[in-house]
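So the numbering used here is basically just the index in the sequence shown, starting at one, shifted up by 457.
One structure is given below, encoded as structure tokens.
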Amino acid sequence: MELIHAFGIDYKILIAQALNFAILFFVLYRFGYKPIFAFLEERRERIRSGVVMAEKAEAKLRAAQEEKNAIVIEAKKEASAIVANAYALAELGKEEKIKQAKEEIASIIAKEKEKILAEKEQMTKEIKADVADMIASALEKILGEKIDAEKDKAMIKEMMLRK
458 MELIHAFGID
468 YKILIAQALN
478 FAILFFVLYR
488 FGYKPIFAFL
498 EERRERIRSG
508 VVMAEKAEAK
518 LRAAQEEKNA
528 IVIEAKKEAS
538 AIVANAYALA
548 ELGKEEKIKQ
558 AKEEIASIIA
568 KEKEKILAEK
578 EQMTKEIKAD
588 VADMIASALE
598 KILGEKIDAE
608 KDKAMIKEMM
618 LRK
């Protein structure tokens, strides 16, 4: 005890200070630390759930990105197939048009040949008629008399055969 008196410690003040400390500790714990710890724990839980949600969102984003890539690849394949099909159809159409054009040209050429042959025959008939008239006129002048139609035709045929 003397040691306690030597240090100047008073029991009554020490007990009062201990009691004040206990009351202060209780008040701080009850109204200060406990709400702060509860707030920190709640915040920690929200952060933890935010991290979990962010991980889920990132997983969904990766899945959506993979799905998008798959859709893009499929769309490119379909586009390539459509383009190839269009080229094939265009080539078929081109060949068909060329075939039709050739047929039309052949038809036009055949019609023109027929037309030329018809004109040639017509001209030949006209020339023969003109030649026959000329021969008849020449014979009339040479013979000095008109020959009847039968003699005329016979002479014309004979002259035509000589040529």
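In this text, a Cβ means the ideal position worked out from N, Cα and C, and glycines have one as well.
### Query
From which residue to which residue does the alpha helix (DSSP H) around Asp467 run?
If you number the sequence shown from 1, residue 467 lands on position 10. Element bounds for Asp467: n/a, residue is neither H nor E.
### Query
In whole angstroms, what is the alpha-carbon distance linking Gly550 and Ile530?
As a position in the sequence shown, residue 550 is number 93, starting the count at 1. As a position in the sequence shown, residue 530 is number 73, starting the count at 1. Note on geometry: alpha-carbon atoms of Gly550 and Ile530 lie some 30 Å from one another.
### Task
With a cut-off of 8 Å on the beta carbons, I'd call Ile592 and Ile566 a contact; round off their distance for me.
Taking the first residue of the sequence shown as 1, we reach residue 592 at position 135. Taking the first residue of the sequence shown as 1, we reach residue 566 at position 109. Actually they are not in contact, since the Cβ atoms of Ile592 and Ile566 sit about 38 Å apart, beyond 8 Å.
#### Entry: Top-ranked residue by Cα proximity to Leu618, from Tyr486, Ala521, Ala589 and Ser594
Here residue 618 is taken as the residue at index 161 of the sequence shown, counted from 1. Out of Tyr486, Ala521, Ala589 and Ser594, the CA that lies nearest to the CA of Leu618 is found in Ala589.
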